[in-house]
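Asks: Our numbering puts the first residue of the sequence shown at 492, with every later residue one more than the last.
Where a beta carbon is used, it is the ideal one built from N, C-alpha and C, also for glycine.
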Amino acid sequence: MATSSASTDRPLADTNVSAESQARIDWFQKYTLGTYIRPALILSHGKGCWLYDTDGRKFLDFNAGIAVNALGHGDSQVAELVSDQASKLIHTSNLYHNEWAGRLAEALIETTKQLEEARVGPGETGFIPGKVFFTNSGTEANEGALKFAKKYGNLQAQAQPNRYPNGKYEVVAFSRGFHGRSMGALSATAAPKYQKPFFPLVPGFVHCEYNDVEAVRRLIRDETCAVILEPVQGEGGVFQATPEFLQAVRERCDQVGALLIYDEIQCGIGRTGKLWGFQNFPASCRPDILCMAKPLANGVPIGAVMMTDAVAALINAGDHGTTFGGNPLACRVGLHVFQRIAQPAFLSHVLTTGQYLQDALRAKVATKHPTIIKEIRGLGLMVGMEFTVDPAPLVKIAREVGILIITAGSNTVRLVPPLTLSNAEVDTAVDILGVALDQFVASLNACKSG
Ligand SMILES: Cc1ncc(COP(=O)(O)O)c(C=O)c1O
492 MATSSASTDR PLADTNVSAE SQARIDWFQK YTLGTYIRPA LILSHGKGCW LYDTDGRKFL
552 DFNAGIAVNA LGHGDSQVAE LVSDQASKLI HTSNLYHNEW AGRLAEALIE TTKQLEEARV
612 GPGETGFIPG KVFFTNSGTE ANEGALKFAK KYGNLQAQAQ PNRYPNGKYE VVAFSRGFHG
672 RSMGALSATA APKYQKPFFP LVPGFVHCEY NDVEAVRRLI RDETCAVILE PVQGEGGVFQ
732 ATPEFLQAVR ERCDQVGALL IYDEIQCGIG RTGKLWGFQN FPASCRPDIL CMAKPLANGV
792 PIGAVMMTDA VAALINAGDH GTTFGGNPLA CRVGLHVFQR IAQPAFLSHV LTTGQYLQDA
852 LRAKVATKHP TIIKEIRGLG LMVGMEFTVD PAPLVKIARE VGILIITAGS NTVRLVPPLT
912 LSNAEVDTAV DILGVALDQF VASLNACKSG
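1) Any heavy atom of ligand 1 closer than 8 Å to the CB of residue 689?
2) With H, G and I counted as helix, E and B as strand and the rest as coil, what does DSSP make of residue 840?
3) Taking just the CA atoms, how far does residue 545 sit from residue 766?
4) In whole angstroms, give me the CA-to-CA distance for residue 673 and residue 637.
5) Does the segment 817 to 832 touch the segment 590 to 608, meaning 3 or more C-beta pairs lie closer than 8 Å?
6) May I ask whether a heavy atom of ligand 1 can be found less than 8 Å away from the beta carbon of residue 672?
7) Below 8 Å on the Cβ atoms is my contact criterion, and I expect residue 869 with residue 845 to pass it. Report the Cβ-Cβ distance as a whole number of Å.
8) By the three-class DSSP mapping on this structure, what secondary structure does residue 771 have?
9) Taking the CB atoms as reference points, tell me whether residue 724 and residue 614 lie closer together than 9 Å.
10) Relative to ligand 1, is the shortest distance from any of its heavy atoms to the C-beta of residue 969 smaller than 8 Å?
11) Would residue 832 and residue 760 qualify as a contact pair, given that the criterion is a beta-carbon distance under 9 Å?
12) Which of helix, strand or coil does DSSP assign to residue 899?
13) In three-state terms, what does DSSP make of residue 882?
14) Quick check on the burial criterion: 16 or more other C-beta atoms within 10 angstroms. Buried or exposed for residue 741?
15) Cβ-heavy atom distance between residue 756 and ligand 1 below 8 Å?
16) Residues in its own chain within less than 8 Å of residue 755 by CB, not counting five upstream and five downstream?
17) In the DSSP output, what is residue 789 paired with across the bridge?
18) Starting from residue 753, follow the beta strand (DSSP E) in both directions and report where the run begins and ends.
19) Determine the DSSP secondary structure at residue 635, reduced to helix, strand or coil.
20) Residue 861: which of 798, 932 and 531 sits nearest, CA to CA?
21) Can the beta-carbon of residue 879 be found less than 9 Å from the beta-carbon of residue 902?
22) Would you mind stating whether residue 802 and residue 626 have Cβ atoms separated by less than 9 Å?
23) Would you mind stating whether residue 554 and residue 895 have Cβ atoms separated by less than 9 Å?
24) Three Cβ pairs or more, each shorter than 8 Å: is that satisfied between the segment 903 to 913 and the segment 536 to 551?
25) Should residue 944 be counted as a contact of ligand 1 given a C-beta to heavy atom distance under 8 Å?
26) According to the neighbour-count rule (16 or more other Cβ atoms, all chains shown, within 10 Å of its Cβ), is residue 495 buried or exposed?
27) Give, in chain order, every unbroken run of the beta strand (DSSP E) that is at least 3 residues long and sits entirely within the segment 659 to 735.
28) Does the segment 573 to 589 come into contact with the segment 807 to 822, if we say contact requires no fewer than three beta-carbon pairs (one atom in each stretch) closer than 8 Å?
29) By DSSP's criteria, residue 541 is part of a beta bridge. Which residues make up the other side?
30) Just the Cα atoms here: how many angstroms apart are residue 811 and residue 707?
31) Rank 940, 633 and 617 by C-alpha distance to the C-alpha of residue 785 and give the top, closest one.
32) For residue 624, report the span of its beta strand (DSSP E) as first-last.
33) Find the nearest neighbour of residue 758 within the set 534, 510, 551 and 557, judged by alpha-carbon distance.
34) How is residue 765 classed by DSSP in three states: helix, strand or coil?
35) Report the residue from 645, 789 and 686 whose alpha carbon sits nearest the alpha carbon of residue 567.
36) Counting C-beta neighbours from all protein chains within 10 Å, is the total for residue 518 16 or more, i.e. buried, or is it exposed?
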């Protein structure tokens with residue numbers, strides 16, 4: 492029985508939570524803001540792709556903390572580094588230099604430059620970053636990038652009033668994009684469910700249909716200071732850009748003098764089997780600014796904005812700042828994680844395991860449920876399963892048979908496991924998902940007949 496590899500003594504159903512754990516959940520809920528609806532379990536530790544709760548239950552983790560724990564849980568090298576650095580120096584503020592922020596910035600820039608130089612054709616330029624600004628999260632990385640772009644736009648408008656008589660402050664973002672919850676990042680996130688309670692938002696954000704080349708040509712205009720997009724959308728439902736779309740965006744940015752920001756917070760750092768998501772596209776689709784976060788330190792909070800020298804030259808001391816960003820603990824772990832993920836063998840493992848996962852899902856799951864599974868799509872280990880029905884109830888059913896998954900966009904289940912996932916773990920996951928889907932279909936049929 493497939494569930495045996497995920498099951499433990501205590502049955503996995505939410506209702507089997509122990510009285511002790513339930514009491515702790517009630518206490519937790521008494522004191523913490525209810526911004527999330529959480530299942531009745533408390534996770535206590537993990538190893539590789541597996542998570543355990545305080546009742547000794549075991550789950551195969553296909554969320555990885557929403558595309559964060561790229562090296563899995565309980566990685567011994569990460570644990571040693573955290574412990575060693577914590578005993579030496581955790582935080583200094585940005586009033587002083589620290590060794591690890593410099594070393595991580597160097598690794599991000601030099602590795603990206605090498606990869607870009609290796610892939611560009613004659614006469615092409617790829618993304619040649621020159622500077623990094625460290626943050627604590629993806630939202631803060633995007634917020635920083637948007638501020639840098641606003642400053643760029645204001646300087647351009649001041650320097651060329653005849654070319655930009657209406658100013659240059661608009662930011663073009665796209666349908667299904669997700670960029671974070673702060674006021675700037677939220678203003679770029681075109682989802683009414685996230686935006687509506689917080690109106691009025693920051694002015695100047697324009698939303699365009701993703702992958703619509705004609706709309707790009709119309710909406711990116713002289714007033715535009717920046718365009719922000721995910722080369723592969725995560726939260727919006729695992730959709731990848733078309734090369735024609737990215738090329739049109741780049742071309743239009745060059746025509747109107749706008750900066751192109753790639754939000755690679757979810758699709759970057761190996762998730763798609765390339766170091767950067769945009770490296771799945773022609774070299775001409777290069778950004779001016781790239782934002783990253785989630786997996787960079789395997790769960791230790793960190794984010795970063797990587798930009799060309801031309802953008803960096805516009806930012807002066809005092810323009811932007813952070814207390815925690817770039818601290819030695821997060822940066823030392825970040826350097827280690829980045830160096831491991833950037834290895835060609837690691838990236839090709841992501842690619843082949845992702846393909847194996849997609850093939851197995853198609854062969855064993857999609858073919859069995861053709862009426863409810865519409866499409867399996869994705870790149871590397873960023874995989875979406877689109878349904879013809881709302882798959883939200885499947886998340887609970889799947890957890891109760893031993894696998895953690897999440898939804899994304901509309902009617903899509905997102906699979907973003909640790910990048911260290913093995914083919915054997917794929918087989919286990921697909922078996923457990925098969926059990927969950929049978930139960931899901933049975934519940935749908937019961938609803939129909941009831
Ligand atoms: C593409 C993208 N951008 C930004 C964010 C926000 O990042 P954070 O939650 O670290 O602030 C997310 C988070 O899911 C994301 O997927």
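Replies: From the atom records:
1) Stepping through the sequence shown from its first residue, residue 689 is reached at position 198. Flag unset: Cβ of residue 689 not near ligand 1.
2) Along the sequence shown, read from residue 1 onward, the residue named residue 840 stands at position 349. Note: residue 840 maps to helix in three-state DSSP.
3) Taking the first residue of the sequence shown as 1, we reach residue 766 at position 275. Taking the first residue of the sequence shown as 1, we reach residue 545 at position 54. The straight-line gap from Cα to Cα measures roughly 36 Å.
4) Mapped onto the sequence shown, residue 673 falls at position 182. Mapped onto the sequence shown, residue 637 falls at position 146. Whole-angstrom Cα-Cα distance: 12 Å.
5) yes
6) Here residue 672 refers to the residue found at position 181 when the sequence shown is read from its first residue. Yes, ligand 1 has a heavy atom inside 8 Å of this Cβ.
7) Walking along the sequence shown from the start, residue 869 turns up at place 378. Walking along the sequence shown from the start, residue 845 turns up at place 354. That belief holds up - the Cβ atoms of residue 869 and residue 845 are roughly 7 Å apart, short of 8 Å.
8) Taking the sequence shown and counting its residues from 1, one reaches residue 771 at position 280. Residue 771: helix per DSSP, three-state reduction.
9) Taking the sequence shown and counting its residues from 1, one reaches residue 724 at position 233. Taking the sequence shown and counting its residues from 1, one reaches residue 614 at position 123. Taking 9 Å as the Cβ cut-off, residue 724 and residue 614 do not qualify as a contacting pair.
10) Residue 969 is absent from the model: the chain starts at 492 and stops at 941.
11) Here residue 832 is taken as the residue at index 341 of the sequence shown, counted from 1. Here residue 760 is taken as the residue at index 269 of the sequence shown, counted from 1. Taking 9 Å as the Cβ cut-off, residue 832 and residue 760 qualify as a contacting pair.
12) What you label residue 899 is simply residue 408 of the sequence shown in a count that begins at 1. Strand, per DSSP.
13) Locating residue 882 in the sequence shown gives position 391, counting from the first residue. If DSSP states are grouped into helix, strand and coil, residue 882 belongs with coil.
14) Locating residue 741 in the sequence shown gives position 250, counting from the first residue. Answer is buried; the Cβ neighbour count reaches 16.
15) As a first step, residue 756 must be located in the sequence shown, where it is residue number 265. Flag set: Cβ of residue 756 near ligand 1.
16) Against the sequence shown, residue 755 aligns to sequence position 264. Answer for residue 755: 721, 722, 767, 768, 769, 781, 782 and 783, listed in chain order.
17) The residue given as residue 789 occupies position 298 in the sequence shown. Answer is 791.
18) As a working note, residue 753 is residue 262 in the sequence shown. 750 to 754 is the extent of the beta strand (DSSP E) around residue 753.
19) For the purposes of this step, residue 635 is taken as the residue at position 144 of the sequence shown. Residue state, collapsed to three classes: helix.
20) Counting from 1 along the sequence shown, the entry for residue 861 is found at position 370. Minimum Cα distance to residue 861 is reached at 932.
21) Residue mapping note: residue 879 aligns to position 388 of the sequence shown, counting from 1. Residue mapping note: residue 902 aligns to position 411 of the sequence shown, counting from 1. In contact: residue 879 and residue 902 (Cβ atoms closer than 9 Å).
22) Here residue 802 is taken as the residue at index 311 of the sequence shown, counted from 1. Here residue 626 is taken as the residue at index 135 of the sequence shown, counted from 1. No, they are not a contact pair.
23) In the sequence shown, counting from the first residue as 1, residue 554 sits at position 63. In the sequence shown, counting from the first residue as 1, residue 895 sits at position 404. The answer is yes: Cβ separation under 9 Å.
24) yes
25) The requested residue 944 does not occur in the structure, where the chain is confined to residues 492 to 941.
26) Position 4 of the sequence shown, counted from the start, is the residue given in the question as residue 495. Residue placement at residue 495 is poorly supported in this model, since its pLDDT is 40, which falls under 50; the coordinates still yield a value, given next. Looking at its Cβ environment, which holds fewer than 16 other Cβ atoms inside 10 Å, residue 495 is exposed.
27) 661 to 665, 696 to 699 and 715 to 720
28) yes
29) Counting from 1 along the sequence shown, the entry for residue 541 is found at position 50. DSSP lists 538 and 551 as partners of residue 541.
30) The residue you call residue 811 lines up with position 320 of the sequence shown. The residue you call residue 707 lines up with position 216 of the sequence shown. Computed Cα separation, rounded: 30 Å.
31) On the sequence shown, residue 785 is found 294 positions in, with the first residue counted as 1. The candidate whose alpha carbon is nearest that of residue 785 is 633.
32) Sequence index remark: in the sequence shown, residue 624 carries index 133 (1-based). That run of the beta strand (DSSP E) goes 620 to 626.
33) For the purposes of this step, residue 758 is identified with residue 267 of the sequence shown, where counting begins at 1. Of the candidates 534, 510, 551 and 557, the one whose C-alpha sits nearest the C-alpha of residue 758 is 557.
34) Position 274 of the sequence shown, counted from the start, is the residue given in the question as residue 765. Three-state DSSP puts residue 765 in coil, outside helix and strand.
35) Translated into the one-based positions of the sequence shown, residue 567 becomes position 76. Comparing Cα-Cα distances from residue 567 to each of 645, 789 and 686, the minimum goes to 789.
36) The residue labelled residue 518 in the question sits at position 27 within the sequence shown. Classification for residue 518: exposed.
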